[in-house]
Every structure is written in structure tokens, then in C-alpha cells.
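Peer 1: Dropping a structure here in C-alpha cells format, bear with me for questions.
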Amino acid sequence: MTAPTVPHAPAPAGRHRFAHAARMEWIKLRSLRSTLWALLLTVAGMIAIGVVTMANTKVPSAAKAAEFDPTNNVLAGVALGQLVVGVLGVLVVTGEYSSGSIRSTLAAIPDRRTLLMAKAAVYGALTLLVGEAVALVTFFAGRAALADGVPRPGIGDPGVLRAVLLSGAYLGLIGLLGIGIGALTRHTASAIAALVGVTFVLPAVIGGISGTTVAKFFPTMIAGNSLAVAKPVSDMLSPWTGLAVLCLYVAVVLGAGARLLARRDA
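Numbering (this note's numbering), first residue to last: 1 to 266.
Given below as C-alpha cells:
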């Protein structure tokens, strides 16, 4: 991704600096074609996966009826959404370093912590909004695709609305995680490799070795087995515990990224 060249005026001193930085980041973010295409891919991919998954969902056997959770099935596309949103979050930071436009950005906003906060606030708000919207649309579209005879989840059923909303919030958190990893590495390839490793590779490897004991603390496992479930899954984190763990990860990564960003040269 090539960051656009946006003319920057020096930020006013004092309490307006964050607002100035946020406006600047919003202008840059919306001017990139990759932002629109990535978010459209997230929306289309999640809806398509949810509909296909529900269309192929069969009536559960009597032995599995108690554990049947179609809400979890319809939100299967979160796995694709997190990859796209996370990678775009990485590029929001590393794209400026690869293009060299970070110098003009820092000239306008010398306070690097404020700059990273503005990037995180703008991108986090955007991905949260998109995430919640697509999660709700996916739920209703997937519900409509269920075959006759398959129990249909209702948005007012116990745990359903919470599962849908937390799945949307998860995309916003993964977007912030991408911002933080990008700030830590400042290199696109290594940041994307770290993101994919944490969300996809390590959970699979560790899960194969130790089961859910350790793997349940990784983001993807939390999303699929804690947040996006209407019925609790044994040996996994509860939904609110999983959300708290994810928020802690984001806070740590963003904090470390801000610290390194302030200490290193552009």
C-alpha cells in the first residue's frame, strides 16, 4: 500500500493537537483505495461465508441438539474478516514508512504518541462500526439461508445478541492489534507475518500439542469459541473474560508500539 501525499499544516499547540491528528489520519485513510476495497472484501466475505455455512447446516441429532449453536456457525466469516482488517491496520502504519511520507506526518504531528493514538482511534472506530454492521447483516442473512427444520436463532434468544455484537467488536480490536504491531516493527512483511502467526499459525500448532490449555488464550480461539457463541464452550474462556484478555493484548501492543515509536528515528 502506498500512502497518499497529503499536505500537512503544523498542528496547533495545546489541547487541539489530538483532534488535528485525528482529522489528518481520517483524510489519509479515506483517500486510500485499499481502505475501501479491504472493507468491502471484509463485508462481502463475511456475509458469503455466513450464508454458505448456514445453507449447509443440517438438523442436529438428538445427541448434539443441546450443543447446537447456529449463531456460532453464521459468524464463521470472522476468521476472514480478522485477516483483512488486521493487515489493513498494519499497512496504516507501515505504509507511511515504506513510502517515506512518515516524515511529513511527523513534521505536522511531532508528538509520536499522539500520532499513534490518532491512528488507533480513527481506524479502530471505523473497523468497529463496519464490524458491528457486517456482523448484524451476516446474522440475519445467514438465518434466512437455513433450511426448513433447522432451529433458527433469534436475535432476542439468550446469548445471541451478545455473540453478534462481540464478534463485531472483535474486528475492531484486531484492527487495533494490527496498528500496534505495525508500530512495533515498522516493516510491512514482518508485521503481517507476526499478525498471521499470532492469529492463525500459533493457535493451530499449540492447540495440536497442548489442546486448549494454552491455545484458548490466542485471539482466533477467543473469537471462535468465546465471543461468537451463544452457548458456552467447555474448557474455553467465557465471553467477557475473552473480551478482557483481547483488550489487554491490544493495550500492551499499542503501549509498546507507542514507546518504541517515540524512541526511534523516523
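In this text, a Cβ means the ideal position worked out from N, Cα and C, and glycines have one as well.
Taking 7 Å as the cut-off, is the beta-carbon of Tyr249 closer than that to any non-hydrogen atom of the ligand GTP?
Peer 2: Among the components of this structure there are no ligands whatsoever, and the ligand GTP is therefore not found.
Peer 1: Closest by CA to Ala38, which one among Ala107, Leu80, Leu243, Lys216?
Peer 2: In the sequence shown, counting from the first residue as 1, residue 38 sits at position 38. Of Ala107, Leu80, Leu243, Lys216, the residue nearest in Cα terms is Leu80.
Peer 1: Which two residues bound the contiguous alpha helix (DSSP H) that contains Glu132?
Peer 2: Position 132 of the sequence shown, counted from the start, is the residue given in the question as residue 132. Where Glu132 is concerned, the enclosing alpha helix (DSSP H) stretches over 112 to 145.
Peer 1: Alpha carbons only, please: which of Val93, Leu227, Val52, Asn73 is nearest the one belonging to Leu177?
Peer 2: If you number the sequence shown from 1, residue 177 lands on position 177. Taking only the C-alpha atoms, the option nearest Leu177 is Val93.
Peer 1: Counting only runs of 4+ residues fully inside the region 48 to 99, write out the alpha helix (DSSP H) ranges in chain order.
Peer 2: 70 to 74, 78 to 99, all fully within the region 48 to 99.
Peer 1: Assuming contact is defined by CB atoms lying nearer than 8 Å, are Val245 and Leu237 in contact in what I supplied?
Peer 2: Taking the sequence shown and counting its residues from 1, one reaches residue 245 at position 245. Taking the sequence shown and counting its residues from 1, one reaches residue 237 at position 237. Contact flag set, yes.
Peer 1: Using only CA atoms, which one of Thr212, Ser210, Ile174, Ala215 lies nearest to Leu195?
Peer 2: Translated into positions along the sequence shown, residue 195 becomes position 195. Closest by alpha carbon: Ile174.
Peer 1: Please look up how many angstroms separate the CB atoms of Ala163 and Val229, rounded, as I've assumed it's under 8 Å.
Peer 2: Indexing the sequence shown from 1 puts residue 163 at position 163. Indexing the sequence shown from 1 puts residue 229 at position 229. Right, the Cβ-Cβ distance comes to about 6 Å (below 8 Å), so this counts as a contact.
Peer 1: Answer with buried or exposed for Val134, where buried requires no fewer than 16 other C-beta atoms within 10 angstroms of its C-beta.
Peer 2: Reading the sequence shown from its first residue, position 134 is the one you call residue 134. Under this definition Val134 is a buried residue.
Peer 1: Give the straight-line distance between the Cα atoms of Leu261 and Met117, rounded to the nearest whole angstrom.
Peer 2: Taking the first residue of the sequence shown as position 1, residue 261 is located at position 261. Taking the first residue of the sequence shown as position 1, residue 117 is located at position 117. Cα to Cα, the separation comes out at about 11 Å.
Peer 1: Quick one: give me the first and last residue of the alpha helix (DSSP H) that Met24 is part of.
Peer 2: As a working note, residue 24 is residue 24 in the sequence shown. 17 to 31 is the span of the alpha helix (DSSP H), which, as asked, contains Met24.
Peer 1: Under 8 Å between the Cβ atoms of Thr188 and Ser98?
Peer 2: Against the sequence shown, residue 188 aligns to sequence position 188. Against the sequence shown, residue 98 aligns to sequence position 98. Cβ distance < 8 Å, so Thr188 and Ser98 count as in contact.
Peer 1: Tell me which same chain residues have a C-beta within less than 7 Å of the C-beta of Val252, skipping the five on either side of it?
Peer 2: Taking the first residue of the sequence shown as 1, we reach residue 252 at position 252. No residues qualify anywhere along the chain.
Peer 1: Let me make sure I understand the geometry here. Which of Thr138, Val250, Lys216 has the alpha-carbon closest to that of Pro239?
Peer 2: For the purposes of this step, residue 239 is taken as the residue at position 239 of the sequence shown. Closest option to Pro239, Cα to Cα, is Lys216.
Peer 1: Tell me, to the nearest whole angstrom, how far the beta carbon of Val78 is from that of Ala223; I am working on the premise that it is less than 8 Å.
Peer 2: The residue given as residue 78 occupies position 78 in the sequence shown. The residue given as residue 223 occupies position 223 in the sequence shown. About 6 Å separates the two Cβ atoms, so the contact holds.
Peer 1: In this structure, does DSSP put Leu39 in helix, strand or coil?
Peer 2: Sequence index remark: in the sequence shown, residue 39 carries index 39 (1-based). In the structure shown, Leu39 sits in a helix (DSSP, three-state: H, G or I).
Peer 1: Taking the alpha-carbon positions, what's the Arg17 to Val122 distance?
Peer 2: Along the sequence shown, read from residue 1 onward, the residue named residue 17 stands at position 17. Along the sequence shown, read from residue 1 onward, the residue named residue 122 stands at position 122. Cα-Cα distance, rounded: 14 Å.
Peer 1: Within this structure, are the beta carbons of Val233 and Asn225 separated by less than 8 Å?
Peer 2: Translated into the one-based positions of the sequence shown, residue 233 becomes position 233. Translated into the one-based positions of the sequence shown, residue 225 becomes position 225. Cβ atoms of Val233 and Asn225: closer than 8 Å.
Peer 1: Taking the C-alpha atoms as reference points, what is the distance between Lys119 and Gly211?
Peer 2: Residue mapping note: residue 119 aligns to position 119 of the sequence shown, counting from 1. Residue mapping note: residue 211 aligns to position 211 of the sequence shown, counting from 1. Taking the straight line joining both Cα atoms gives about 37 Å.
Peer 1: Classify Leu237 as helix, strand or coil using the three-state DSSP reduction.
Peer 2: By 1-based counting over the sequence shown, the position of residue 237 is 237. Looking at Leu237 - three-state DSSP - the assignment turns out to be coil, as it is neither helix nor strand.
Peer 1: Excluding the 5 residues flanking Leu41 on each side, which residues of the same chain have their C-beta closer than 7 Å to its C-beta?
Peer 2: Numbered from 1 along the sequence shown, position 41 holds the residue referred to as residue 41. Only Val84 meet the Cβ criterion.
Peer 1: Note the first and the last residue of the continuous alpha helix (DSSP H) segment covering Ile174.
Peer 2: Position 174 of the sequence shown, counted from the start, is the residue given in the question as residue 174. Taken as a continuous stretch (DSSP letters only), the alpha helix (DSSP H) holding Ile174 covers 160 to 185.
Peer 1: Compute the Euclidean distance between the alpha carbons of Gly172 and Val150, then round it to the nearest angstrom.
Peer 2: Within the sequence shown, numbered from 1, the residue matching residue 172 stands at position 172. Within the sequence shown, numbered from 1, the residue matching residue 150 stands at position 150. Going from the Cα of Gly172 to the Cα of Val150 covers about 31 Å.
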